[in-house]
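What follows is one structure encoded as structure tokens, with my remarks underneath.
Protein chains in written order, with the working numbering: chain A, 935 to 1151; chain B, 97 to 372.
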């Protein structure tokens, strides 16, 4: 059992590192895009709200695998060739941003109306009220859902490695080790340990964020 | 944009019944989703009951099982099963699968896909069920026990009927995720919609994959496939939202005034885990 790990340690470590970078980069994209889309969803304009809603419904209901085909093979055929890393990070980021936007939106609704009205009556513009008053509080209430979204993202990152992009992530490395050693259960077991390592770290991280920043209402 | 909407690039869709071919393949995805969800719900109920058991070792094992399979990537489980399912099982299925099933569901690796989907989704659903049961007022169980009901009767007549009703909306939204996840079995070569779509782009004039004379461009094919999912899942998400509203109204009691147009604001009755 242990020898599969020790003899292929470099493969597993590099796979874990690839998965980690993939998740981190996509998470940042998802956070930025998700915030913008959530802002659209609560904007004081029907058209903008609808735009945000369409974005969320499309990317939340589309399988990630299909998104990967569109962004990699599809765009390549259309003459817009992007590398597997860019396609993988962009797809995972965009896919997750729809979930981030939805949870942020419910966080915005959890901030009491009075906060927004107070901001507006102090002479802040809509955007300033959102940026300085509503969103900081909304982010605090959505720390726990953001944690589960991040864990879902770690799991979804395996789809990127298993798809046609073939990024050498943890799952891909486990499959390579398996085809070299023919020890299927052992190779997959150590990859599973790697994934657990990531999800446990994220859980602990978000718990500590939660206890530091959670708002009591 | 020109490339995207140019009629030349969409011509494949209405030649040689390609559209019908993709729709038929999409039906396979729906079938896989429904079969997996039904099986997952059965397993999940058992897991949820075990994880609420009063015997500590049973509870710990059930919780550990749920935590492991909930936290592993689904594609990881599917690929592992595809590599490690015993041969007698794979071949046994391929030889004995009922004839009414479509060809795509009678292959050797179908079981790996379905077992993977069931393992993962049963763990997720078990957690939702457990939350639904725990969200019930303590008094319900206390009242049942004061009436002299046994543990089994309390569960069967008091706790489960209420707890399970609360998780109906969450089940529907999990069905959306499951529906999307059925595309993953294309990776283990099951001929569902993504794989069929790829086939259309690779083989012009191959009668076995239904390809016509026109080689379909992959961007347009995948956009069409994506649309099928977006439309189906959007309908499911409307349904789930409607059920949530109904549930929270029920929870709030009859006295609450029904305000139309604020469906989006309704908070699900179970503060359960996220949908993803």
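Note that CB positions come from ideal geometry on N, CA and C, so glycine has one too.
Taking every protein chain shown into account, the CB of residue 1015 of chain A has fewer than 16 other CB atoms within 10 angstroms, so this residue is exposed. Considering only beta carbons, the part of the segment 1002-1018 of chain A lying closer than 8 Å to chain B consists of 1003, 1004, 1007, 1008, 1009, 1011, 1012 and 1013, in chain order. Taking 9 Å as the cut-off, the beta carbon of residue 167 of chain B is found closer than this to the beta carbon of residue 1133 of chain A. Sixteen is the threshold: when 16 or more other Cβ atoms of the shown chains lie within 10 Å of the Cβ of residue 975 of chain A, as they do, the residue is buried. Your pair residue 1067 of chain A and residue 1049 of chain A checks out as a contact, with CB atoms roughly 6 Å apart and the cut at 8 Å. In the structure shown, residue 121 of chain B falls within a helical segment according to DSSP collapsed to helix, strand and coil. Burial is judged here by how many other beta carbons sit within 10 angstroms of a residue's own beta carbon; residue 115 of chain B has fewer than 16 and is exposed. Against chain A, the beta carbon of residue 180 of chain B has neighbours under 7 Å at 1118 and 1119, listed in chain order.
Cβ contact annotation for residue 293 of chain B (same chain, cutoff 7 Å, sequence separation greater than five): 118, 317, 318 and 321, in chain order.
Along the segment 1047-1112 of chain A, the alpha helix (DSSP H) occurs as fully enclosed runs of 4 or more residues at 1047-1055, 1060-1063, 1069-1075 and 1077-1096, listed in sequence order. Pairing residue 298 of chain B with residue 287 of chain B gives a Cβ-Cβ distance that is not under 9 Å. Boundaries of the alpha helix (DSSP H) around residue 1132 of chain A: 1118-1147.
A contact is defined here as three or more CB-CB pairs under 8 Å, and the segment 937-952 of chain A fails this definition with respect to the segment 994-1001 of chain A. Put simply, the segment 1053-1065 of chain A does not touch the segment 1096-1114 of chain A. Fewer than three CB pairs are less than 8 Å apart. The C-beta distance from residue 1026 of chain A to residue 1094 of chain A rounds to 6 Å, short enough to meet the 8 Å contact threshold.
Bounds of the alpha helix (DSSP H) holding residue 1031 of chain A are 1018-1044.
Under the 10 Å beta carbon count, residue 198 of chain B is surrounded by fewer than 16 other beta carbons and is classified as exposed.
With contacts defined by Cβ atoms closer than 9 Å, residue 151 of chain B and residue 225 of chain B do not form a contacting pair. Against residue 265 of chain B, chain A offers no close residue; the least beta-carbon distance is about 15 Å (beta-carbon pairs closer than 9 Å). Using a Cβ-Cβ cut-off of 9 Å, residue 1129 of chain A counts as an interface residue toward chain B, since at least one Cβ of chain B sits closer than that to its own. The contact set of residue 167 of chain B on chain A, defined by CB atoms closer than 8 Å, consists of 1085, 1089, 1129, 1130 and 1133 in chain order. Taking residue 227 of chain B as reference, the option from B:266, B:282 and B:217 with the minimal CA-CA separation is B:266. In this structure, residue 972 of chain A lies away from residue 1051 of chain A, with their beta-carbon atoms at least 9 Å apart. Here residue 202 of chain B really is in contact with residue 193 of chain B; their C-beta atoms are around 4 Å apart, less than 8 Å. Shown here, residue 111 of chain B sits in coil according to DSSP, grouped into three states, outside any helix or strand. Pairing residue 270 of chain B with residue 217 of chain B gives a Cβ-Cβ distance under 9 Å. Between residue 105 of chain B and residue 325 of chain B, the alpha-carbon positions lie close to 21 Å from each other. Nothing from the segment 935-955 of chain A brings a Cβ to less than 9 Å from some Cβ of chain B.
With a threshold of 9 Å between beta carbons, residue 293 of chain B makes contact with chain A. Around residue 1105 of chain A, the beta-carbon contacts reaching into chain B at under 9 Å are 169, 171, 172 and 175. Our two residues, residue 1081 of chain A and residue 1140 of chain A, have alpha carbons roughly 6 Å apart in a direct line. Each residue's CA atom was taken as its position, placing residue 229 of chain B and residue 146 of chain B some 13 Å apart. For residue 980 of chain A, the enclosing alpha helix (DSSP H) covers residues 980-995. Here residue 278 of chain B is near residue 129 of chain B, since their CB atoms are less than 9 Å apart.
Using a Cβ distance threshold of 9 Å, residue 1024 of chain A and residue 1085 of chain A do not count as a contacting pair.
A direct Cα-to-Cα measurement between residue 1110 of chain A and residue 215 of chain B gives close to 24 Å.
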